[in-house]
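Numbering (our numbering), first residue to last: 53 to 308. The beta carbon of each residue, even a glycine, is placed where N, CA and C say it ideally should be.
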Amino acid sequence: MTARIPVIAGNWKMHTNLAEARVLIEGIIARSGAVQGVEQVVCPPFVYLMLAAELTKGSAVKVGAQDMFWERAGAYTGEISPTMLAELCEYVIIGHSERRRYFHETDADVNRKVKAALEAGLRPIMCVGETLGERQAGQTEAVLTRQVHAGLDGISLSDRIVIAYEPVWAIGTGVPATPEMANEAIGLVRRELGRIGGSEQAAAIRIQYGGSVTPANASDLMSQPEIDGALVGGASLNVDSFMSIIEQTAQLMTRT
Ligand code: PGA
């Protein structure tokens with residue numbers, strides 16, 4: 053069995069001001085050194101990436117962006133390119149359900165972005181997940197299968213890719229998936245990765261759970277065998293709650 057190192061990423065979304073961003077990053081760095089066996093990532097808004105890159109230098113904390121465009125340069129007012137990001141960060145979240153929903157990103161857009169991220173040397177965190185309506189209609193498996201295959205179309209699998217399984221109904225609602233439900237969906241995503249790139253490659257790819265992860269439910273979720281970390285929204289905006297999720301996950305790793 054390949055030992056997958058869990059990756060916990062804080063998706064700040066459109067929160068914090070400059071001063072708050074600094075305090076949050078410094079607080080996380082202060083506690084990050086004592087953590088072993090878990091990759092720690094902060095994903096602030098674009099305008100704080102430079103600050104995050106400077107502050108985290110030499111620490112265990114890595115930086116990620118929340119989105120990017122797929123072109124390397126050009127007349128695309130307001131957009132940020134993968135090569136720009138590659139100078140400042142290691143990770144980039146792609147295809148978050150809020151981008152799919154509010155900014156009409158399609159599976160084809162996600163695919164272009166994942167390809168471009170890999171070409172620029174970034175590690176994409178590709179988000180997939182069903183809506184409540186889709187789950188209730190029994191379409192979870194079909195939706196996840198479609199999103200995984202379309203998102204990774206024409207891409208050779210590598211462990212640089214991270215997938216985040218985020219059921220849309222669990223994001224920001226305070227109602228996470230049960231650990232069993234999350235484990236089952238992630239198992240399904242891994243099965244599809246196996247169909248794309250073979251089971252050995254699929255076993256090496258980290259698949260996070262995201263959606264209302266808090267210190268109160270982190271251990272139960274992170275102790276599931278298929279779950280390799282978390283994409284954390286609300287709880288990543290507070291040093292204590294974010295670090296508690298990370299520290300609990302690290303604790304679990306020492307037990308296995
Ligand atoms: P949440 O967000 O933890 O606030 O539910 C998760 C996400 O959208 O990545």
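Determine, using beta carbons only, whether residue i and residue j come nearer to each other than 8 Å.
{"i": "L304", "j": "M274", "result": "yes"}
{"i": "V162", "j": "M178", "result": "yes"}
{"i": "G249", "j": "I223", "result": "no"}
{"i": "A117", "j": "L103", "result": "no"}
{"i": "A302", "j": "V90", "result": "yes"}
{"i": "R242", "j": "V214", "result": "no"}
Which residue wins for smallest C-alpha separation from residue i, given the options the options?
{"i": "R198", "options": "A160, L209, A169 and E171", "result": "A160"}
{"i": "D211", "options": "L184, V166, P228 and I257", "result": "I257"}
{"i": "G226", "options": "V265, E193, A172 and Q188", "result": "V265"}
{"i": "F98", "options": "E186, C141 and N269", "result": "C141"}
{"i": "A125", "options": "E232, I297 and A172", "result": "A172"}
{"i": "A234", "options": "D280, G203 and R307", "result": "D280"}
{"i": "D205", "options": "G181, E244, G190 and T230", "result": "E244"}
{"i": "L184", "options": "A202, K114, S149 and E131", "result": "S149"}
{"i": "M295", "options": "A71, E218, G181 and V94", "result": "V94"}
{"i": "G246", "options": "E182, R74, L283 and S208", "result": "S208"}
{"i": "W64", "options": "L170, T230, D272 and L283", "result": "L283"}
{"i": "E78", "options": "E123, A105, I57 and I238", "result": "A105"}
{"i": "E131", "options": "A270, I81 and F121", "result": "F121"}
{"i": "E236", "options": "P134, Y217 and K165", "result": "Y217"}
{"i": "V220", "options": "Q253, R307 and G147", "result": "G147"}
{"i": "G286", "options": "M66, I57, V59 and P58", "result": "M66"}
Where does residue i land, buried or exposed, given buried means 16+ other C-beta within 10 angstroms?
{"i": "T129", "result": "exposed"}
{"i": "M53", "result": "Reliability fails at M53, whose pLDDT of 47 lies under 50, so the model's placement of it is uncertain and no value is given."}
{"i": "S288", "result": "buried"}
{"i": "G62", "result": "buried"}
{"i": "D292", "result": "exposed"}
{"i": "Y143", "result": "buried"}
{"i": "P277", "result": "exposed"}
{"i": "S84", "result": "buried"}
{"i": "E157", "result": "buried"}
{"i": "Q92", "result": "buried"}
{"i": "L107", "result": "buried"}
{"i": "Y261", "result": "buried"}
{"i": "F155", "result": "exposed"}
{"i": "Q88", "result": "exposed"}
{"i": "A194", "result": "exposed"}
{"i": "P188", "result": "Checking the sequence, you will find Gln at residue 188 rather than Pro. That one is exposed."}
{"i": "N69", "result": "exposed"}
{"i": "R153", "result": "exposed"}
{"i": "A55", "result": "exposed"}
Compute every distance between the C-beta of residue i and the non-hydrogen atoms of the ligand PGA, then say whether any falls below 7 Å.
{"i": "I60", "result": "no"}
{"i": "I223", "result": "yes"}
{"i": "H67", "result": "no"}
{"i": "A229", "result": "no"}
{"i": "G116", "result": "no"}
{"i": "A287", "result": "yes"}
{"i": "L101", "result": "no"}
{"i": "E218", "result": "yes"}
{"i": "G250", "result": "no"}
{"i": "S293", "result": "no"}
{"i": "V284", "result": "yes"}
{"i": "V241", "result": "no"}
{"i": "N63", "result": "yes"}
Suppose only complete runs of 3+ residues qualify. What are the beta strand (DSSP E) ranges in the segment 117 to 204, listed by chain order? As far as the segment 117 to 204 is concerned, its whole beta strand (DSSP E) runs of at least 3 residues are 143 to 146 and 175 to 180.
Completely contained beta strand (DSSP E) runs for the segment 60 to 114, where each covers 3 or more residues: With a minimum length of 3 residues, the unbroken runs of beta strand (DSSP E) contained wholly in the segment 60 to 114 fall at 91 to 95.
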